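A.B. asks: Pasting a structure below so you can have a look.
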Amino acid sequence: MKVIECTDLAKSYFGKKVLNNLSFSIEENKITGLIGRNGVGKTTLLKIIAGFIKETSGEIKVFSERPFNSLNVSANSIFVDDQMSFPPALQLYELLEAASSFYPNWDMELAKRLFDYFSFDPKGYHNRLSKGKTSTFNAIVGLASHSPITIFDEPTTGMDASVRKDFYRALLKDYIAHPRTIIISSHHVDEIENLLEDVLLLKDGRNHLHLPMEELKAWAIGLKGPTEKIQEWVNDKEIVYENKIGTNTSYVVVRNDFADSALQSARLAGLEITAVSPSDLCVYITNQTKGGIDDVFKER
Amino acid sequence: MSLKNVNLTEVVKRQYFFKLKANIDAMSSLVFLQLLAMLFSMGGSNSFHSSYDQVALEVSYFSGDVIIGFTMIWAFVTAITITTRQYRNHDFSFVTNRLSSSLSNILFLLTASIIGGITAILARNLLLVFKYIFSEEQIYGIPLTFQDLLLGVSATIIYLFAVSAIGYLIGALVQISKAFVVLIPVLFIGMLFIDGVMNRDPFIAYVFEFYVMESSFGLFFVKMVSTAALFFIASISILNRLEVRR
Numbered sequence: 320m321k322v323i324e325c326t327d328l329a330k331s332y333f334g335k336k337v338l339n340n341l342s343f344s345i346e347e348n349k350i351t352g353l354i355g356r357n358g359v360g361k362t363t364l365l366k367i368i369a370g371f372i373k374e375t376s377g378e379i380k381v382f383s384e385r386p387f388n389s390l391n392v393s394a395n396s397i398f399v400d401d402q403m404s405f406p407p408a409l410q411l412y413e414l415l416e417a418a419s420s421f422y423p424n425w426d427m428e429l430a431k432r433l434f435d436y437f438s439f440d441p442k443g444y445h446n447r448l449s450k451g452k453t454s455t456f457n458a459i460v461g462l463a464s465h466s467p468i469t470i471f472d473e474p475t476t477g478m479d480a481s482v483r484k485d486f487y488r489a490l491l492k493d494y495i496a497h498p499r500t501i502i503i504s505s506h507h508v509d510e511i512e513n514l515l516e517d518v519l520l521l522k523d524g525r526n527h528l529h530l531p532m533e534e535l536k537a538w539a540i541g542l543k544g545p546t547e548k549i550q551e552w553v554n555d556k557e558i559v560y561e562n563k564i565g566t567n568t569s570y571v572v573v574r575n576d577f578a579d580s581a582l583q584s585a586r587l588a589g590l591e592i593t594a595v596s597p598s599d600l601c602v603y604i605t606n607q608t609k610g611g612i613d614d615v616f617k618e619r
Numbered sequence: 059m060s061l062k063n064v065n066l067t068e069v070v071k072r073q074y075f076f077k078l079k080a081n082i083d084a085m086s087s088l089v090f091l092q093l094l095a096m097l098f099s100m101g102g103s104n105s106f107h108s109s110y111d112q113v114a115l116e117v118s119y120f121s122g123d124v125i126i127g128f129t130m131i132w133a134f135v136t137a138i139t140i141t142t143r144q145y146r147n148h149d150f151s152f153v154t155n156r157l158s159s160s161l162s163n164i165l166f167l168l169t170a171s172i173i174g175g176i177t178a179i180l181a182r183n184l185l186l187v188f189k190y191i192f193s194e195e196q197i198y199g200i201p202l203t204f205q206d207l208l209l210g211v212s213a214t215i216i217y218l219f220a221v222s223a224i225g226y227l228i229g230a231l232v233q234i235s236k237a238f239v240v241l242i243p244v245l246f247i248g249m250l251f252i253d254g255v256m257n258r259d260p261f262i263a264y265v266f267e268f269y270v271m272e273s274s275f276g277l278f279f280v281k282m283v284s285t286a287a288l289f290f291i292a293s294i295s296i297l298n299r300l301e302v303r304r
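Which chain is which? The protein sequence lines are S and P, in order. Numbering-wise (this note's numbering), the first sequence opens with residue 320 and increments by one. Numbering-wise (this note's numbering), the second sequence opens with residue 59 and increments by one.
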């Protein structure tokens, strides 16, 4: 079953297009990673799915309903980020109780256990928490809500390395026990690549790639060797990334549509063939500019 | 995870109880304001002095008007406050849509008006008790029957609810555009000026006459509550289109 369907979705702020003809659909009970560079419209897309903001044009259906002002979508989804705001008058423990009265699938035992594990003070206040603690508390609310659609928008902002690891592990364990649709947007692809089943890659406000993680891992290969030979091999291929190492050596990432025999002969010709990690690949694909940061400082 | 359907009434009810807890600060500011108003009223709202030969006469009037006035300002400010972005975001951390958020806000404002109305009238009586105990002057008062008290409380509650409806609408307008922060006072004061220049009774006087001078309680009730309802409906339809957390 498709829980999120989106056709030709567009959103503009003050005349500037953030999302542009975005079409995709997300299946039930999958963990999808939403990947893209800063300002590409990840948060905008997630907020439209959560019903916080309106689409400018196109169509978005969540549980076959338009999410904006839908009570059913709100009851069955949660949007977690570091900007979640709670009334300053309520203590953390009261906030958990309030959440449990609102979310129909709320798991209070899980919430309490996580709350204790991350050593929160039940009588503390949300607005007095540090950045990392705020993110952790919000993530607890997100996990314990057991919402059929759980959206994490950069959930690990400010968390330290060990809490981040714990969070991903908790997410995976709880997902296995209670499968549901989870969307995570993050810049740390390497941290979540083992968690994700699908990857949705945004570029220029559009759906650039939407494919299972396994396919993404094999989507491209890296070739390294003398520049001339490399040119020969890749001249009719889709080049994702190109880098010169020294004077005469090149490293090129290309779409992996080589036949096995072709790879074999490339290897024999002295080219080094490597797999490209999903996190590097995402960076290469979503790069908006040719060249790198070094070019900024060149010939000044 | 299976989908759960929720209905509007259930969500509004939960939000209402949630807001009673979350907006507890409004209640503490009510207590503070009413104490302050009592302090101001201690000196009497109106007094005159006359002397003849050896006799000097000084009369001061005491009333709960200042307390009720302060409570009205409180209701107005509270209504504006809960339309602000921050308060709307609180709702959207949990289950809500814009309609349920407004409906629970209105229920909260009604509750606040009831609490404000009862405490304002009681504070007036407390003021008289203070005067009676601590002052050496003679106190005269029109005897207050239970019926009068009930009438006073209900009228105050209706006033407060109407004032909060105005506040809620202004708050909603400001949420569309910050220009209304300037526009509304300019319009209001500008109207007084124009009426002054044109040498006619200010428009606000007619409004005052229509609502406040009404001598039949039934008619007063109908006028005030239906106007408040209109204001709230306007606010709901404005807030229904607003995006949150953008």
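We put the beta carbon where it would ideally sit given N, CA and C, even for glycine. As the structure is a prediction and not an experimental result, all values here were calculated from the model.
Which residues does DSSP pair with His465(S) in a beta bridge?
C.D. replies: His465(S) is not bridged to any residue.
A.B. asks: Put Pro406(S) into one of helix, strand or coil per three-state DSSP.
C.D. replies: It is coil, neither helix nor strand.
A.B. asks: Determine the direct distance from the alpha carbon of Met320(S) to that of Glu551(S), and round the result to whole angstroms.
C.D. replies: Computed Cα separation, rounded: 46 Å.
A.B. asks: Please determine if the segment 116 to 132 of chain P and the segment 353 to 361 of chain S are in contact, where contact requires at least 3 C-beta pairs separated by less than 8 Å.
C.D. replies: No, the segment 116 to 132 of chain P is not in contact with the segment 353 to 361 of chain S.
A.B. asks: From the DSSP secondary-structure annotation, give me the bridge partner or partners of Pro545(S).
C.D. replies: Bridge partners of Pro545(S): Thr568(S).
A.B. asks: What does Ile82(P) reach in chain S if we use C-beta pairs closer than 7 Å?
C.D. replies: Residues of chain S passing the Cβ test: Ala408.
A.B. asks: Hey, how far is the Cα of Ser159(P) from the Cα of Ile564(S)?
C.D. replies: Their Cα atoms are separated by approximately 59 Å.
A.B. asks: Give the DSSP bridge partners of Ala594(S), in chain order.
C.D. replies: In the DSSP output, where bridge partners are listed per residue, Ala594(S) has Ile540(S).
A.B. asks: Would a C-beta distance cut-off of 9 Å place Ala430(S) and Ile459(S) closer than the cut-off?
C.D. replies: Contact flag set, yes.
A.B. asks: To the nearest angstrom, how far is it from the Cα of Leu582(S) to the Cα of Gly377(S)?
C.D. replies: When rounded, the distance between both Cα atoms is 43 Å.
A.B. asks: For Arg525(S), which three-state DSSP category applies?
C.D. replies: Strand.
A.B. asks: Would you say Gln583(S) reaches chain P, if we count a Cβ-Cβ gap shorter than 9 Å as a contact?
C.D. replies: It does not: the Cβ of Gln583(S) has no partner Cβ on chain P nearer than 9 Å.
A.B. asks: So what's Gly453(S) in DSSP terms, helix, strand or just coil?
C.D. replies: The residue you asked about is not Gly; residue 453(S) is Thr in the sequence shown. Of the three classes helix, strand and coil, the one that applies to Thr453(S) here is helix, per DSSP.
A.B. asks: By the three-class DSSP mapping on this structure, what secondary structure does Pro201(P) have?
C.D. replies: If DSSP states are grouped into helix, strand and coil, Pro201(P) belongs with coil.
A.B. asks: At a CB-CB cut-off below 7 Å, which residues of chain S make contact with Ser151(P)?
C.D. replies: Chain S residues near Ser151(P): Met403, Ser404 and Phe405.
A.B. asks: Under three-state DSSP, which class holds Lys442(S)?
C.D. replies: In this structure, Lys442(S) counts as coil in the three-state DSSP scheme.
A.B. asks: Which term fits Ile179(P), buried or exposed, when burial requires 16 or more other beta carbons within 10 angstroms of its beta carbon?
C.D. replies: Its Cβ being crowded by 16 or more others within 10 Å, Ile179(P) is buried.
A.B. asks: Suppose the cutoff is 6 Å on Cβ atoms and the five residues either side in sequence are ignored; what does the same chain contact list for Leu415(S) look like?
C.D. replies: Closer than 6 Å at Cβ, skipping near neighbours: Ala430.
A.B. asks: Strictly under 9 Å for the Cβ-Cβ distance: is Leu390(S) near chain P by that measure?
C.D. replies: Yes, contact with chain P.
A.B. asks: Closer than 9 Å, CB to CB, is Phe76(P) near chain S or not?
C.D. replies: Taking Cβ atoms only, chain S reaches closer than 9 Å to Phe76(P), which makes this a yes.
A.B. asks: Any C-beta of chain P within less than 8 Å: which residues of the segment 413 to 435 of chain S qualify?
C.D. replies: Residues passing the 8 Å Cβ filter: Glu413, Ala417, Ala418, Ser420, Phe421, Tyr422, Pro423 and Asn424.
A.B. asks: Nearest by alpha-carbon distance to Asn163(P): which of Gly229(P), Phe192(P), Ser108(P) and Gly101(P) is it?
C.D. replies: Looking at the Cα atoms, Gly229(P) is the closest of the given residues.
A.B. asks: Let me know the secondary structure DSSP gives Val153(P) once reduced to three states.
C.D. replies: Here Val153(P) sits in coil by DSSP.
A.B. asks: Rounded to a whole number of angstroms, what is the C-alpha to C-alpha distance between Gly524(S) and Lys236(P)?
C.D. replies: Roughly 30 Å between the two C-alpha positions.
A.B. asks: Taking the beta carbon of Asp517(S) as the centre, do at least 16 other beta carbons fall within 10 Å, making it buried, or is it exposed?
C.D. replies: That one is buried.
A.B. asks: Is the Cβ of Ser162(P) closer than 9 Å to any Cβ of chain S?
C.D. replies: Chain S contact via Cβ: absent.
A.B. asks: Just to confirm the assignment, what range does the alpha helix (DSSP H) spanning Phe437(S) have?
C.D. replies: From DSSP, Phe437(S) is part of no alpha helix (DSSP H); its letter is neither H nor E.
A.B. asks: So is Val359(S) in contact with chain P if we call contact Cβ pairs under 9 Å?
C.D. replies: Closer than 9 Å: no.
A.B. asks: When DSSP labels each residue in this structure, what does Asp83(P) get in the three-state scheme?
C.D. replies: Looking at Asp83(P) - three-state DSSP - the assignment turns out to be helix.
A.B. asks: Could you tell me the distance, in whole angstroms, from the CA atom of Ile345(S) to the CA atom of Cys325(S)?
C.D. replies: Between Ile345(S) and Cys325(S), the C-alpha separation is close to 9 Å.
A.B. asks: With the cut-off set at 9 Å, would you say His465(S) and Phe456(S) are in Cβ contact?
C.D. replies: Result no, Cβ atoms of His465(S) and Phe456(S) do not sit closer than 9 Å.
A.B. asks: Start and end of the alpha helix (DSSP H) containing Ala329(S)?
C.D. replies: Premise fails: Ala329(S) lies in the beta strand (DSSP E), Lys321 to Tyr332, not in any alpha helix (DSSP H).
A.B. asks: If you measure from the beta carbon of Gly334(S) to each beta carbon in chain P, is any gap under 9 Å?
C.D. replies: Answer no: the Cβ-Cβ gap between Gly334(S) and chain P never drops below 9 Å.
A.B. asks: In terms of residue numbering, what span does the alpha helix (DSSP H) encompassing Ala263(P) cover?
C.D. replies: Taken as a continuous stretch (DSSP letters only), the alpha helix (DSSP H) holding Ala263(P) covers Phe261 to Tyr269.
A.B. asks: Using DSSP's beta-bridge definition, name the partner residues of Lys563(S).
C.D. replies: Answer is Ser569(S).
A.B. asks: Please tell me whether Gly370(S) has its Cβ less than 9 Å away from any Cβ of chain P.
C.D. replies: Output row for Gly370(S): interface = yes.
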